[in-house]
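The next block holds one structure in the form of structure tokens; read it before the comments.
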Amino acid sequence: MAKKPGVYPVYENQFQVGAESSSLSDIADMESFSVSFDNGVEEWTPMNTEGWIRRLMTAKGMTISVSGKINVGDTGNDYVASKSFKNGRDAEGTFQWTFPDGTKVLIEGAVFNITALGAADSTNVAPLEFDVMSNGKPTITPAI
């Protein structure tokens, strides 16, 4: 996909999941997402800066929070839901975020933290909500 200039609707972001990067599937019926970065910044105040603090970013983490609806039978949706009762390495998988311009962020060994599974008012469509947490440095492939 070639780079497109200008603004874009949020729905052009796409997410894929799977056990490994060679077998990724889209996730059906996701409605919204947010991204947060956890940054580790080391600070120090040397004598020669006259009291001004120096800083260096020394660590980074990312959490992508996604919410939508359960869609039983959809490969991607079922994959995420299957992490609900897992712990340790079993709660890990591969997650890819594809930007509207074609840039891809691949997180292998991502931690899937399921935060809502099916519980809501009786007349609601059952939700599926989860956080994908980076687990090491992601692979970023720029758009061509």
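55 is the number of the first residue of the sequence shown in my numbering; add one for each residue after it. Note that beta-carbon positions come from the ideal geometry of N, C-alpha and C, so glycine has one too.
Supposed contact pair residue j and residue i - C-beta distance, whole angstroms, cut 8 Å
i: Arg108; j: Pro100; result: 6 Å
i: Asn131; j: Ala82; result: 5 Å
i: Gly147; j: Gly72; result: 7 Å
i: Leu39; j: Val134; result: Here the chain has residues from 55 to 198 only, and residue 39 is not among them.
i: Pro192; j: Leu160; result: 6 Å
CB contact flag (residue i, residue j, <9 Å)
i: Thr157; j: Ile194; result: yes
i: Lys137; j: Asp144; result: yes
i: Phe166; j: Phe149; result: yes
i: Lys29; j: Val64; result: Any property of residue 29 remains undetermined from this structure, which presents the chain solely from 55 to 198.
i: Ile198; j: Phe184; result: no
Span separating the alpha-carbon of residue i from that of residue j
i: Met55; j: Pro154; result: With a pLDDT of only 49 at Met55, under 50, the local geometry of the prediction cannot be trusted, and the value read off the model is given with reservation. Answer to the nearest angstrom: the Cα atoms are 9 Å apart.
i: Gly62; j: Asn102; result: Checking the displayed sequence, the identity of residue 62 turns out to be Tyr instead of Gly. If I take the Cα positions, the gap works out to 47 Å.
i: Ser121; j: Glu104; result: 48 Å
i: Trp98; j: Met111; result: 12 Å
i: Glu74; j: Trp106; result: 47 Å
i: Val186; j: Ser76; result: 19 Å
i: Ser188; j: Asn93; result: 12 Å
i: Met84; j: Glu96; result: 37 Å
i: Gly163; j: Gln70; result: 14 Å
i: Lys58; j: Asp80; result: 22 Å
Quick check: the region 87-95 against the region 110-117, are there 3 or more CB pairs under 8 Å? Contact between the region 87-95 and the region 110-117 is present, because at least three Cβ pairs lie under 8 Å.
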